[in-house]
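A.B. asks: If you count the sequence shown from 1, position 8 lands on 8 in our numbering, and the numbers rise without skipping.
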Amino acid sequence: MKPDGRVGILISGRGSNMEAIVRAAEERRIPGVVAVVISNLPEAPGLKKAQEHGIETLALEPRSASKSENYDRRIVAALEERRVDLVCLAGYMRILTAVFLKAYGGRILNIHPSLLPAFPGLEVQRKALEYGVRYSGATVHFVDAEVDTGPIVLQAVVPVESDDTPATLAARILAEEHRIYPESVRLFLEGRLQIEGRRVRILPAPG
Ligand code: GAR
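#1: Taking a contact to mean a Cβ-Cβ separation below 8 Å, would you say I180 touches V140 in this structure?
#2: Helix, strand or coil for N110, going by three-state DSSP, please let me know.
#3: DSSP three-state label for F213, please.
#4: Rounded to a whole number of angstroms, what is the C-alpha to C-alpha distance between S68 and D164?
#5: Under 8 Å, do I38 and A78 count as touching if we go by C-beta distance?
#6: On the premise that G32 lies in contact with L189, defined as a C-beta separation below 8 Å, what is that separation, rounded to the nearest angstrom?
#7: Do the CB positions of S136 and A128 come within less than 8 Å of each other?
#8: Within 7 Å: the Cβ of E183 and any heavy atom of ligand 1?
#9: Using only the alpha-carbon positions, how far apart do V200 and R186 sit?
#10: Find out if the Cβ-Cβ distance for the pair V160, L169 is shorter than 8 Å.
#11: Distance, Cα to Cα, A171 vs A138?
#12: Our contact map puts G8 next to A35 with C-beta atoms below 8 Å; I'd like the distance itself, whole angstroms only.
#13: By how many angstroms is the C-alpha of V84 removed from the C-alpha of G5?
#14: Helix, strand or coil: which one does DSSP assign to A138?
#15: Quick check: the Cα distance between G54 and L86, rounded to an integer number of angstroms?
#16: Measure the beta-carbon distance from I11 to G105 and round it to whole angstroms, keeping in mind my assumption that it falls under 8 Å.
#17: Compare the C-alpha of N40 against each of S66, E52, L174, E26 and name the closest.
#18: With DSSP as the reference, please indicate the residues paired to A59 in a beta bridge.
#19: Excluding five sequence neighbours on each side, which residues of the same chain lie with their C-beta closer than 6 Å to the C-beta of T97?
#20: Within this structure, are the beta carbons of P151 and I95 separated by less than 8 Å?
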């Protein structure tokens, strides 16, 4: 039997997407284990949540907020030490450098709370409401050298209601994030995601 895929999750905050992936692994909805959860912020509430699930956690503090190859070397070393196959960014608020991409290119997923390429970056729900879109949503994508630009794996569409605030829209989107992120991890670990330029082909399930 193929060994379980080993997933490393990077967070900076609450960690609800991390927990959705952890739960999926515990319930065997994905053929993998979460080997480690790493945060750049020691006070990230998600670290405690991961520990409650019995998962190893690391708080690796960078020297500065800007992206750093030296910092990414430390993260990559920690991931490689734990033989991580797939890296999931889950509310991880740092930009990756070429060092990270060289080590894990094509094996890093990110979740973003909009229908990319609309509204990349920060304060996404506020921007979506101000723009007046009728639909927003969530995107899981491979990470490439730019921010929020990599090939798209799965998206989920969420309607915008007339009385939405950034918080109510974020909550509706988050529920979809918790569905499509574990699903994307499952497809990756099943070897069913094939990147072809900008497009990701989802291969049929074997058998
Ligand atoms: C999620 O909504 C995620 O999509 C977003 O941060 C939140 C983290 O929540 N990520 C980004 O905006 C990345 N650009 P969580 O810590 O509860 O998973």
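For each residue, glycine too, the CB sits at the ideal point set by N, CA and C.
C.D. replies: Taking the geometry as given:
#1: yes
#2: strand
#3: Lying before the first or after the last residue shown, residue 213 is absent from the chain, which here runs from 1 to 207.
#4: If you take the alpha carbons of S68 and D164, they lie about 37 Å apart.
#5: yes
#6: Contact between L189 and G32 holds, with the beta-carbon distance rounding to 5 Å and staying under 8 Å.
#7: Yes, these two residues count as a Cβ contact at 8 Å.
#8: no
#9: 15 Å
#10: yes
#11: 11 Å
#12: 6 Å
#13: Spanning the alpha carbons of G5 and V84 requires a straight line of approximately 8 Å.
#14: strand
#15: 19 Å
#16: Between G105 and I11 the Cβ distance is about 21 Å, and since that is not below 8 Å, they are no contact.
#17: With distances taken between Cα atoms, N40 lies closest to S66.
#18: A59 is bridged to S39.
#19: For T97, where only same-chain residues beyond five positions count, the Cβ hits under 6 Å are K67, E69, D72.
#20: no
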